[in-house]
Amino acid sequence: MKQHDPKVEAEHLESRELLPIGEVSLLTGVNAVTLRAWQRRFGLVIPARTPKGHRLYTPENIQQIHEINAWLAKGVAISKVKPLLISSARATEDDHTALQEGDLWHEQITGLNGALFELDQQKLHQIFDEALGLYPFQLVKQKLLLAWMAQLPALLEPRLDAELLLAWLESELASRIGGRASFAGQASLAQIGVVCLPSVQGQKTAEQQSGYSSMSHSGINNSSITNRLYSLVLRLELAELRVSVINLGVLDITSLGLINNRLKVDALLLLPEANHPPSKIFELQSVLEQMQETCYLIGPFAPTLTALSAFMAPDLAEWVNQVSAAKEQHRKQQRKQKNSAAEQMQGGQADER
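Structure representation (structure tokens):
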């Protein structure tokens, strides 16, 4: 989860006591929809209002948001947070409550498993709506999405309907990704291509010789399941960050090289599967070094490619902010140059008269 620096926030607030909801979202990592839901449903973080009804947040509101985030990170349900904010002298009772509420995410994961295996669309989206509407996305990502999807490969592996379940889940989450990617009428901050890099088929020979196979009963490679699931979480996160995504699917290393200098994106995110032998890692490194597009390795198996540590993805939220700031600076320079050229043209016309 992205860490927000209280010192930076304090300096910002000294010069501007009241902040609009958009700036508060950037400072705290809690989006505007969630802040409104906290206020409306639970009486949390009550802002001031302008004469036209716009929300303005005080330094005390900002501090309360941080306290709420801390309780949520301990596993306390948002509906149980308000009493804990009244007094900080109840540490023992608070810790006990946090332990009791630690089952919150476990219950939701159990519910998601049931919805998936029963192909229950309504139940699946109800759980996601509740979680994403009431909790910061990064918390939902760590405590719910990644935790759930870390369990799924082992649950799906023995099932004959594994491919059916995966296809259904991908379809359902794709609809959510599309909905969140609309950005509520706002422009996207960056554009990214997402590529899945498959494991090497040559590994099958070694597996057969050792009497072991990583293929499930359904014929799906276990690391492939993991990557497909992580890809969904990644695309949800990018949509939350207002990043438009080009999903390029599964490409081998040779096909990846064919993208070079042809795709207008701010970066390519590459999700490698497991079990890449040294020869393929060397081949991938050679391709990445020639790519004109910025390329980052990301996902559960990326850290295993230690020889390619220079290409590991940074914190996505920070990276998007940097790209957005650079684009805004570029636009300002273009406007300045355009205005300067217009003034010179007007000056020349005046001299002619």
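Once you know that position 50 of the sequence shown is 50 in full-length UniProt numbering, the rest is easy, because the numbers rise by one and skip nothing. Note that the Cβ used here is the ideal one computed from N, Cα and C, for glycine as well. None of the values given here were measured: they were computed from a predicted structure.
Handout entry: Cβ-based burial, residue 264 [other Cβ within 10 Å; buried from 16]
Key = Flag for residue 264 reads exposed.
Practice task
Could you give the DSSP three-state label for residue 62: helix, strand or coil?
Solution key: helix
Handout entry: Beta-bridge pairing of residue 48 - partner residues as DSSP gives them
Key = 56
Handout entry: Beta-carbon spacing of residue 133, residue 45 below 8 Å
Key = no
Practice task
Give the secondary structure of residue 127 by DSSP, where H, G and I count as helix, E and B as strand, and everything else as coil.
Solution key: helix
Handout entry: When 284, 85 and 166 are compared against residue 308, the one with the closest alpha-carbon
Key = Ranking the options by Cα distance to residue 308, first place goes to 284.
Practice task
Indicate the three-state DSSP secondary structure (helix, strand or coil) for residue 313 in the structure shown.
Solution key: Residue state, collapsed to three classes: coil.
Practice task
Reducing DSSP to helix, strand and coil, say where residue 292 ends up.
Solution key: coil
Handout entry: Own chain, CB closer than 6 Å to residue 115, minus 5 neighbours either side, in chain order
Key = 123 and 124
Practice task
Have a look at residue 120 and residue 194 and give me their C-alpha separation to the nearest angstrom.
Solution key: 28 Å
Problem - Cut-off 7 Å between Cβ atoms - residues of its own chain near residue 226, not counting five sequence neighbours on either side - result: Excluding residues within five positions, the ones whose Cβ falls inside 7 Å are 153 and 300.
Practice task
Give the straight-line distance between the Cα atoms of residue 198 and residue 250, rounded to the nearest whole angstrom.
Solution key: 7 Å
Exercise for the section: Leaving out five residues on either side along the sequence, give the residues of the same chain with a beta carbon under 7 Å from the beta carbon of residue 229. Expected result: 149 and 152
Exercise for the section: Would you please state the rounded distance, in angstroms, between the beta carbons of residue 104 and residue 75? I believe it to be under 8 Å. Expected result: 6 Å
Handout entry: residue 288 versus residue 192 - alpha carbon distance
Key = 16 Å
Practice task
Taking residue 247 as part of the beta strand (DSSP E), name the residues at either end of that continuous run.
Solution key: 243-250
Handout entry: residue 343 classed as buried or exposed, judged by whether at least 16 other C-beta atoms fall within 10 angstroms
Key = exposed
Problem - Neighbourhood of residue 293 by C-beta, 8 Å cutoff - its chain only, sequence neighbours within 5 removed - result: 193, 259, 260, 261, 263, 265, 267 and 268
Problem - Alpha-carbon spacing of residue 52 relative to residue 298, whole angstroms - result: 44 Å
Exercise for the section: My understanding is that residue 241 touches residue 189, with C-beta atoms under 8 Å, so please give their C-beta distance in whole angstroms. Expected result: 7 Å
Handout entry: Cβ neighbour criterion (16 or more within 10 Å) applied to residue 64
Key = buried
Exercise for the section: Give me the Cβ distance between residue 31 and residue 137, rounded to the nearest whole Å; I'm assuming they're in contact under 8 Å. Expected result: 7 Å
Handout entry: First and last residue of the uninterrupted alpha helix (DSSP H) at residue 194
Key = Looking at the DSSP string, residue 194 is not in any alpha helix (DSSP H); the run it does join, the beta strand (DSSP E), is 190-197.
Problem - Boundaries of the beta strand (DSSP E) in which residue 272 is found, first to last residue - result: Judged by DSSP secondary structure, residue 272 falls within the beta strand (DSSP E) whose first and last residues are 267-272.
Handout entry: Start-to-end residues for the alpha helix (DSSP H) that takes in residue 429
Key = Look at the range of the chain in this structure, 1 to 353, and you will see that residue 429 is not part of it.
Problem - First through last residue of the alpha helix (DSSP H) which encompasses residue 79 - result: Looking at the DSSP string, residue 79 is not in any alpha helix (DSSP H), and its letter there is neither H nor E.
Problem - Residue nearest to residue 277 in terms of C-alpha spacing, selected from 111, 19 and 306 - result: 306
Problem - Beta-ladder partner(s) of residue 297, from DSSP - result: 270 and 312
Handout entry: residue 99 classed as buried or exposed, judged by whether at least 16 other C-beta atoms fall within 10 angstroms
Key = For residue 99, the predicted model reports a pLDDT of 48, less than 50, meaning its position is unreliable and no value from the coordinates is stated.
Practice task
Could you tell me which residues DSSP pairs with residue 19 in its beta bridges?
Solution key: 57
Problem - residue 330 (DSSP reduced to helix, strand or coil) - result: helix
Practice task
Measure from the alpha carbon of residue 24 to the alpha carbon of each residue in 57, 49, 37 and 17, then state which is nearest.
Solution key: 57
Exercise for the section: Go ahead and pull the three-state DSSP assignment for residue 158. Expected result: coil
Practice task
For residue 264, name the three-state secondary structure that DSSP assigns.
Solution key: Collapsing the DSSP output to three states places residue 264 in coil.
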